[in-house]
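Asks: Quick one: the structure is below, and I'll ask about it shortly.
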Amino acid sequence: MSREEELFAGGVAVITGAGAGIGMGLARRCGEIGMTVIVTDIDAERARSVADAIVAAGGKAEALRLDVGDPAALDALAADVFARHGAVRLLVNNAGIETIGLTWEVPVARWEQTLRVNVNGVVHGVRAFVPHMLKAGAPAWIANLSSVGGFSQMPTQTAYIMSKHAIQSFSECLYLEMELAGAPIHVSSVIPGMLKTSIFDAAAGVGEPAAAARHRATMAHMMASYGMELDEGCRKIVAKIAAGEFWVDTQEEMTRDIVAGRVTFLQERGVPTLADQARALLQD
Numbered sequence: 001m002s003r004e005e006e007l008f009a010g011g012v013a014v015i016t017g018a019g020a021g022i023g024m025g026l027a028r029r030c031g032e033i034g035m036t037v038i039v040t041d042i043d044a045e046r047a048r049s050v051a052d053a054i055v056a057a058g059g060k061a062e063a064l065r066l067d068v069g070d071p072a073a074l075d076a077l078a079a080d081v082f083a084r085h086g087a088v089r090l091l092v093n094n095a096g097i098e099t100i101g102l103t104w105e106v107p108v109a110r111w112e113q114t115l116r117v118n119v120n121g122v123v124h125g126v127r128a129f130v131p132h133m134l135k136a137g138a139p140a141w142i143a144n145l146s147s148v149g150g151f152s153q154m155p156t157q158t159a160y161i162m163s164k165h166a167i168q169s170f171s172e173c174l175y176l177e178m179e180l181a182g183a184p185i186h187v188s189s190v191i192p193g194m195l196k197t198s199i200f201d202a203a204a205g206v207g208e209p210a211a212a213a214r215h216r217a218t219m220a221h222m223m224a225s226y227g228m229e230l231d232e233g234c235r236k237i238v239a240k241i242a243a244g245e246f247w248v249d250t251q252e253e254m255t256r257d258i259v260a261g262r263v264t265f266l267q268e269r270g271v272p273t274l275a276d277q278a279r280a281l282l283q284d
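Counted from 1, the sequence shown has number 19 at position 19 by full-length UniProt numbering; the numbering is strictly sequential.
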């Protein structure tokens, strides 16, 4: 029996944005190791499809529609899940969107949506669930989705990059708050590299400037060609959460190189620079 099965089997996992991408992969993995998976997504049909697949494979799951940009909806979700299941062993604040475009060209509505989902969705997910976890008194795990982008600079992906910097710092502070409170809740920052997901699909770019379509197509091609398989990445993520790691990355060498570059930038107090590969991507 694996470490994650020992810790998590029989427990409840709540995963936001689990109708596609990394959230879907994590939901499938949690189902495989014997958890009851609460599959939440703003798209109810996608959530049902993922939950149905978990059940068909012999697992336990239920689907709920959830807009993480609505703090009251997160409060209601936490109250409902704890009332019906008694406890939540694993909370994964995964829901997020990629937004592409020059800062001044991204419409207000798209900016607000990105920050509401990527930043506030994580903050209020924690705020809604932690009081219930503390009251339950049992060991629990919270995993917040950051990214290698949380240590990077990338023009035209500014909204996403900025949000992931925010989640990285939020998770670091939350880890210390749990320590300060003496809470039996472990916090992990999930730092995926390039995984094969649908985050750069054209359909996800509604509301972006027209010029974003070319960038999306290029990134989607790179992800399909060079990305890690989703299930492989999600197995690594769940295993590292179970191992109690704070830094939960999928491609360790990529994380190491990007963080090292960030450290050098801060130590030298340099000016932001664009790597040749990134410049080629933006100028093609």
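Ideal placement from N, C-alpha and C gives every residue a C-beta, glycine not left out.
In the DSSP output, which residue or residues are listed as bridge partners for W141?
Replies: Taking the sequence shown and counting its residues from 1, the one referred to as residue 141 is at position 141. Paired residue(s): L90, H186.
Asks: How should A80 be labelled, buried or exposed, when 16 other C-beta atoms within 10 angstroms of its C-beta is the threshold for buried?
Replies: Taking the sequence shown and counting its residues from 1, one reaches residue 80 at position 80. Per the sequence shown, residue 80 should be read as Asp rather than Ala. With fewer than 16 Cβ atoms within 10 Å of its Cβ, D80 is classed as exposed.
Asks: Relative to the C-alpha of D201, which residue among T218, I185, V187 is closest?
Replies: Within the sequence shown, the letter at position 201 stands for residue 201. Of T218, I185, V187, the residue nearest in Cα terms is T218.
Asks: Classify residue 310 as buried or exposed, calling it buried when 16 or more other Cβ atoms lie within 10 Å of its own Cβ.
Replies: Because the chain in this structure spans residues 1 to 284, residue 310 falls outside the shown range and cannot be described.
Asks: Does the contact criterion of 3 or more C-beta pairs under 8 angstroms hold for the region 54-66 versus the region 108-119?
Replies: Not touching, per the Cβ criterion.
Asks: Take P107 and list the residues in its own chain whose beta-carbon comes closer than 7 angstroms to its own, dropping the five residues that flank it on each side.
Replies: Position 107 of the sequence shown, counting from 1, holds the residue named residue 107. Around P107: G207.
Asks: Under three-state DSSP, which class holds A61?
Replies: Residue mapping note: residue 61 aligns to position 61 of the sequence shown, counting from 1. Three-state result, A61: strand.
Asks: Residues in its own chain within less than 7 angstroms of A224 by CB, not counting five upstream and five downstream?
Replies: Numbered from its first residue, the sequence shown carries residue 224 at position 224. The answer, listed in chain order, is K196.
Asks: My understanding is that E4 touches I33, with C-beta atoms under 8 angstroms, so please give their C-beta distance in whole angstroms.
Replies: Numbered from its first residue, the sequence shown carries residue 4 at position 4. Numbered from its first residue, the sequence shown carries residue 33 at position 33. With 8 angstroms as the limit, E4 and I33 qualify as a contact, their Cβ atoms being about 5 angstroms apart.
Asks: Sort V187, G261, R29, A9 by Cα distance to N93 and report the nearest one.
Replies: Reading the sequence shown from its first residue, position 93 is the one you call residue 93. The option with the nearest alpha carbon to N93 is V187.
Asks: In the DSSP assignment, what are the bridge partners of V271?
Replies: As a first step, residue 271 must be located in the sequence shown, where it is residue number 271. Beta-bridge pairing links V271 to no other residue.
Asks: Roughly how many angstroms separate the alpha carbons of C30 and V88, rounded to a whole number?
Replies: For the purposes of this step, residue 30 is identified with residue 30 of the sequence shown, where counting begins at 1. For the purposes of this step, residue 88 is identified with residue 88 of the sequence shown, where counting begins at 1. Straight-line Cα distance between these residues: approximately 13 angstroms.
Asks: Counting beta carbon pairs with one atom in the region 228-240 and one in the region 266-277, are three or more of them shorter than 8 angstroms?
Replies: Taking 8 angstroms as the limit for Cβ pairs, the verdict is that the region 228-240 does not touch the region 266-277.
Asks: Among the residues of its own chain, which have a CB less than 7 angstroms from the CB of E45, if the five just before and after it don't count?
Replies: The residue labelled residue 45 in the question sits at position 45 within the sequence shown. Closer than 7 angstroms at the Cβ level, and outside the excluded window around E45, lies no residue.
Asks: Look at the alpha carbon of A56 and the alpha carbon of A18, and state the distance between them as a whole number of angstroms.
Replies: Looking up residue 56 in the sequence shown gives position 56. Looking up residue 18 in the sequence shown gives position 18. Cα-Cα distance, rounded: 17 angstroms.
Asks: In chain order, what residues of the same chain lie with their CB nearer than 7 angstroms to the CB of L134, ignoring the 5 residues before and after it?
Replies: In the sequence shown, residue 134 corresponds to position 134, counting from 1. A183, listed in sequence order.
Asks: Go through the region 30-61 residue by residue and report every complete run of the beta strand (DSSP E) that reaches 3 residues or more, in order.
Replies: Whole beta strand (DSSP E) segments, 3+ residues: 36-41.
Asks: DSSP has I241 in a bridge; who is on the other side?
Replies: Position 241 of the sequence shown, counted from the first residue, corresponds to residue 241. Its beta-bridge partners do not exist; DSSP assigns none.
Asks: To the nearest angstrom, how far is the alpha carbon of A72 from that of L174?
Replies: One-based indexing of the sequence shown puts residue 72 at position 72. One-based indexing of the sequence shown puts residue 174 at position 174. Roughly 21 angstroms between the two C-alpha positions.
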